[in-house]
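Taking it in order: structure first as structure tokens, then the write-up.
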Amino acid sequence: MVNWQKAMILWLQDKVDILEYHSVRVRSAKKSFQLPSVLRLRKYIRPHFSSVKVKLSRQNLFLRDNYICQYCGNRFPEKALTIDHVHPVSRGGKHEWTNVVASCGPCNNKKGNMTPQEAEMPLKSKPVQPKWLPSKEFSYKSFQKRPTSWEPYLSHLKK
Ligand SMILES: [Zn+2]
Numbered sequence: 841m842v843n844w845q846k847a848m849i850l851w852l853q854d855k856v857d858i859l860e861y862h863s864v865r866v867r868s869a870k871k872s873f874q875l876p877s878v879l880r881l882r883k884y885i886r887p888h889f890s891s892v893k894v895k896l897s898r899q900n901l902f903l904r905d906n907y908i909c910q911y912c913g914n915r916f917p918e919k920a921l922t923i924d925h926v927h928p929v930s931r932g933g934k935h936e937w938t939n940v941v942a943s944c945g946p947c948n949n950k951k952g953n954m955t956p957q958e959a960e961m962p963l964k965s966k967p968v969q970p971k972w973l974p975s976k977e978f979s980y981k982s983f984q985k986r987p988t989s990w991e992p993y994l995s996h997l998k999k
């Protein structure tokens, strides 16, 4: 998702096709433009995040794991999730991307001071160092609040 200023720049740089417009217009010194509401990228623009190290924070971790507890596989709101160290810190596990997963409270309690093998709680996916994270604005919630003019272009997506 791009904000309208970025969208205008992409359009002026000839990188996007405008499929639909909003009813609002914006003015520059010389011209007025109608704001685009649906854009198609002409070419995939590689996000230039690859050199950026994603900070290991609570929120970034939950974003990486899609708010899904990596033990029971259920999705939880942020406040119900905890950070679990796969190899417990008390037993030499490090606080690093490859050793942390999102876990719901009950799973974290159940696992306690054990490794997934000892607790017989296999991980849903192997923890990795993320190369980039989706912006927080582009959450499932905001996706549900998408403008109605997007509908025809998103018809292939499951509701
Ligand atoms: Zn769980």
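Take 841 as the starting number for the sequence shown in this note's numbering and just add one per residue. Each residue gets a CB set at the ideal place from its N, CA and C atoms; glycine is no exception.
Point to revise | Separation of residue 909 from residue 903, as counted between CA atoms | key: Along the sequence shown, one-based indexing puts residue 903 at 63. Along the sequence shown, one-based indexing puts residue 909 at 69. Cα to Cα, residue 903 sits roughly 11 Å from residue 909.
Point to revise | Burial state of residue 869, where buried means 16 or more other Cβ atoms lie within 10 Å | key: On the sequence shown, residue 869 is found 29 positions in, with the first residue counted as 1. By the 16-neighbour rule on beta-carbons within 10 angstroms, residue 869 is exposed.
Check your understanding: On the premise that residue 926 lies in contact with residue 933, defined as a C-beta separation below 8 Å, what is that separation, rounded to the nearest angstrom?
Key -> Here residue 933 corresponds to residue number 93 of the sequence shown, with the count starting at 1. Here residue 926 corresponds to residue number 86 of the sequence shown, with the count starting at 1. Your pair residue 933 and residue 926 checks out as a contact, with CB atoms roughly 7 Å apart and the cut at 8 Å.
Review point. Any heavy atom of ligand 1 closer than 8 Å to the Cβ of residue 989?
Key: Along the sequence shown, read from residue 1 onward, the residue named residue 989 stands at position 149. No, the Cβ of residue 989 stays beyond 8 Å of every heavy atom of ligand 1.
Point to revise | Helix, strand or coil at residue 869 according to DSSP, with G and I counted as helix | key: If you number the sequence shown from 1, residue 869 lands on position 29. Here DSSP, grouped into helix, strand and coil, assigns residue 869 to coil.
Review point. Since residue 925 sits in a beta bridge, which residues does DSSP pair it with?
Key: Here residue 925 corresponds to residue number 85 of the sequence shown, with the count starting at 1. Looking at the DSSP assignment, residue 925 forms a beta bridge with 940.
Check your understanding: Distance, Cα to Cα, residue 893 vs residue 971?
Key -> As a first step, residue 893 is located in the sequence shown; it is residue number 53 there, counting from the start. As a first step, residue 971 is located in the sequence shown; it is residue number 131 there, counting from the start. Inter-residue distance for residue 893 and residue 971 is about 7 Å (C-alpha atoms, whole angstroms).
Point to revise | Span of the alpha helix (DSSP H), counted from its first residue to its last, around residue 902 | key: As a first step, residue 902 must be located in the sequence shown, where it is residue number 62. Residue 902 -> alpha helix (DSSP H) spans 898 to 904.
**Study point:** Cβ-heavy atom distance, residue 946 to ligand 1, below 8 Å
**Key:** Numbered from 1 along the sequence shown, position 106 holds the residue referred to as residue 946. At least one heavy atom of ligand 1 is nearer than 8 Å to the Cβ of residue 946, so yes.
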